[in-house]
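Working notes, beginning with the structure itself.
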Amino acid sequence: MRTLLKEARELKNLKTREVAQLLRIDQALISKFESGTRKPTKDQVSKLATLLDIDYETIMISWLKEKIIHEIGNDEFALKALRAAEEEIRLNSSSTVKKVSTVLQQLLDEIDSFKAKLNLSKQIENNSFTEALEIEYTYNTNSLEGNTLSLEETESVVNEGQTISGKSMREHLEAINHQEAIAFIKNKVESNTIFTEKELLSIHAIILRGVLPKESGHYRAVSITIKDRSFTPCEPASIPLELEALFNWYEMNKNLIHPIILAATIKQRILTIHPFINGNGKVSRLIMNFVLLQHGYLIANIKAENDSRNRYFQSLKESISKENNDAFTLYLAQIEKESLENNIRTISQ
Numbered sequence: 184m185r186t187l188l189k190e191a192r193e194l195k196n197l198k199t200r201e202v203a204q205l206l207r208i209d210q211a212l213i214s215k216f217e218s219g220t221r222k223p224t225k226d227q228v229s230k231l232a233t234l235l236d237i238d239y240e241t242i243m244i245s246w247l248k249e250k251i252i253h254e255i256g257n258d259e260f261a262l263k264a265l266r267a268a269e270e271e272i273r274l275n276s277s278s279t280v281k282k283v284s285t286v287l288q289q290l291l292d293e294i295d296s297f298k299a300k301l302n303l304s305k306q307i308e309n310n311s312f313t314e315a316l317e318i319e320y321t322y323n324t325n326s327l328e329g330n331t332l333s334l335e336e337t338e339s340v341v342n343e344g345q346t347i348s349g350k351s352m353r354e355h356l357e358a359i360n361h362q363e364a365i366a367f368i369k370n371k372v373e374s375n376t377i378f379t380e381k382e383l384l385s386i387h388a389i390i391l392r393g394v395l396p397k398e399s400g401h402y403r404a405v406s407i408t409i410k411d412r413s414f415t416p417c418e419p420a421s422i423p424l425e426l427e428a429l430f431n432w433y434e435m436n437k438n439l440i441h442p443i444i445l446a447a448t449i450k451q452r453i454l455t456i457h458p459f460i461n462g463n464g465k466v467s468r469l470i471m472n473f474v475l476l477q478h479g480y481l482i483a484n485i486k487a488e489n490d491s492r493n494r495y496f497q498s499l500k501e502s503i504s505k506e507n508n509d510a511f512t513l514y515l516a517q518i519e520k521e522s523l524e525n526n527i528r529t530i531s532q
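So the sequence shown is numbered by our numbering: it starts at 184 and just counts up by one.
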């Protein structure tokens with residue numbers, strides 16, 4: 184930045200004394216800024232940019248770069264720290280600064296109104312609704328990934344331990360494992376567990392238990408490409424850092440951002456990190472629902488029927504590609520609203 188300042192000053196045919204007078208600061212400071220022995224404040228950088236006709240973005244990037252280098256130097260963990268910081272900055276800029284659209288805000292207000300009504304009715308236990316919702320969730324989330332068990336067959340496998348003729352052992356295990364994963368996240372919610380890498384890997388280990396034992400509970404060790412190339416997953420070495428940044432972001436923002444937006448953001452981000460070879464869709468939906476349950480909402484049951492399936496994948500694609508950042512959040516909000524309405528309806532019957 185020092186070269187940038189000196190060249191801009193000389194281009195304007197100004198002496199350091201004249202710059203100091205115009206900015207009403209000590210002349211010695213201008214000399215130190217140009218020699219690099221003193222760093223200007225952000226306010227001083229802004230004033231220098233205006234006075235010397237320097238592009239504001241250019242000078243701010245230079246100033247921030249030098250500020251970062253000054254702080255971390257050549258520490259052995261500097262590059263890893265920068266990668267983790269980059270992810271958190273990107274998350275914060277995309278999720279906390281962005282204004283909520285009018286359409287989304289109206290839907291969130293409706294959801295919170297239904298949630299308040301449901302909370303008032305909590306004295307009436309509705310275990311049958313919760314159990315049915317969880318079975319439907321297991322059926323739908325598995326069906327989205329190609330499992331051919333019907334809803335009735337899923338219930339028989341999970342609740343009665345039946346073996347369904349003509350269905351593979353893998354399909355049976357996927358139903359049993361997912362139901363166990365739901366119980367796992369509910370237990371973590373009840374114990375007020377902070378969600379970390381440990382919980383993420385535990386969920387993955389549960390859903391792939393007996394299905395893909397060599398992969399269960401382990402990050403992928405190879406680079407991958409998504410079929411439609413709608414996004415590029417991070418390299419294997421970056422997976423732990425990116426997930427750590429995501430979980431740190433969640434802890435910092437879980438009381439600041441609406442839970443529906445939080446859940447949608449985390450689901451999308453885990454999907455784009457793509458930490459596993461298999462199971463990313465199921466894991467990201469389970470963690471999405473962990474967030475919702477942690478804030479007192481119901482499980483969002485994404486249906487596997489063609490229309491819902493198509494809207495689910497299309498909204499994800501639009502949000503991830505930035506065509507419509509709110510697309511998946513709006514979709515999730517509508518699903519949550521329907522769950523709350525259905526629960527209230529069964530209680531009142």
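Glycine included, every Cβ here is placed at the ideal spot set by N, Cα and C.
Start and end of the alpha helix (DSSP H) containing Pro423?
-> As a working mapping, residue 423 is identified with position 240 in the sequence shown. Counting along the chain, the alpha helix (DSSP H) containing Pro423 begins and ends at Ile422 to Asn436.
Determine the contact status of Lys465 and Thr324, defining contact as a CB-CB distance below 7 Å.
-> For the purposes of this step, residue 465 is identified with residue 282 of the sequence shown, where counting begins at 1. For the purposes of this step, residue 324 is identified with residue 141 of the sequence shown, where counting begins at 1. Yes, the pair counts as a contact, with Cβ atoms nearer than the cut-off.
Using 10 angstroms around the beta-carbon of Leu513, count the other beta-carbons present and answer buried if the total reaches 16, otherwise exposed.
-> In the sequence shown, residue 513 corresponds to position 330, counting from 1. That one is buried.
Roughly how many angstroms separate the alpha carbons of Phe312 and Ile251, rounded to a whole number?
-> By one-based count along the sequence shown, residue 312 stands at place 129. By one-based count along the sequence shown, residue 251 stands at place 68. So the alpha carbons of these two residues sit roughly 53 Å apart.
Closest by CA to His457, which one among Ser413, Ile443 and Phe473?
-> Residue numbering aside, residue 457 sits at position 274 when the sequence shown is read from its first letter. Nearest C-alpha to His457: Ser413.
According to DSSP, is Gln306 helix, strand or coil?
-> Mapped onto the sequence shown, residue 306 falls at position 123. Legend: pLDDT at Gln306 = 46, less than 50; position of this residue unreliable, value from coordinates given subsequently. Coil at Gln306, not helix or strand.
Apply the 10 Å Cβ neighbour rule to His355 and answer buried if 16 or more other Cβ atoms are within range, or exposed otherwise.
-> As a working mapping, residue 355 is identified with position 172 in the sequence shown. Answer is buried; the Cβ neighbour count reaches 16.
State the Cα-Cα distance for the pair Asn508 and Ala447, rounded to the nearest angstrom.
-> As a working mapping, residue 508 is identified with position 325 in the sequence shown. As a working mapping, residue 447 is identified with position 264 in the sequence shown. Going from the Cα of Asn508 to the Cα of Ala447 covers about 11 Å.
Taking all protein chains shown into account, decide if Lys520 is buried (16 or more other Cβ within 10 angstroms of its Cβ) or exposed.
-> Position 337 of the sequence shown, counting from 1, holds the residue named residue 520. In summary, Lys520 is buried, with 16 or more beta-carbon neighbours lying within 10 Å of its beta-carbon over all protein chains present.
Quick one, are the C-beta atoms of His478 and Pro442 less than 7 Å apart?
-> Position 295 of the sequence shown holds residue 478. Position 259 of the sequence shown holds residue 442. Against a cut-off of 7 Å, the Cβ pair of Pro442 and His478 comes out as a contact.
Length of the line joining the Cα atoms of Lys369 and Leu476 = Numbered from 1 along the sequence shown, position 186 holds the residue referred to as residue 369. Numbered from 1 along the sequence shown, position 293 holds the residue referred to as residue 476. Spanning the two alpha carbons is a distance of roughly 7 Å.
Looking at C-alpha atoms only, which residue of Glu269, Asn484 and Phe260 is the closest neighbour of Lys534?
-> For the chain, the structure presents residues 184 to 532; residue 534 sits outside this window and is missing.
Apply the 10 Å Cβ neighbour rule to Phe260 and answer buried if 16 or more other Cβ atoms are within range, or exposed otherwise.
-> Locating residue 260 in the sequence shown gives position 77, counting from the first residue. Answer is exposed; the Cβ neighbour count stays below 16.
Output the boundary residues of the alpha helix (DSSP H) element that contains Pro442.
-> For the purposes of this step, residue 442 is identified with residue 259 of the sequence shown, where counting begins at 1. First-last of the alpha helix (DSSP H) with Pro442: Pro442 to Ile456.
Check each candidate in Gly349, Leu383, Ile518 and Thr337 and name the one with the smallest Cα separation from Ile453.
-> For the purposes of this step, residue 453 is taken as the residue at position 270 of the sequence shown. It is Leu383 whose Cα lies nearest to the Cα of Ile453.
Neighbour-count burial assignment, Glu217, 16 or more Cβ in a 10 Å radius = Taking the sequence shown and counting its residues from 1, the one referred to as residue 217 is at position 34. Burial call: buried.
Within the segment 460-489, ranges of the alpha helix (DSSP H) (whole runs, at least 4 residues) | Secondary structure within the segment 460-489: the alpha helix (DSSP H) runs of 4 or more consecutive residues, fully enclosed, are 463-477 (chain order).
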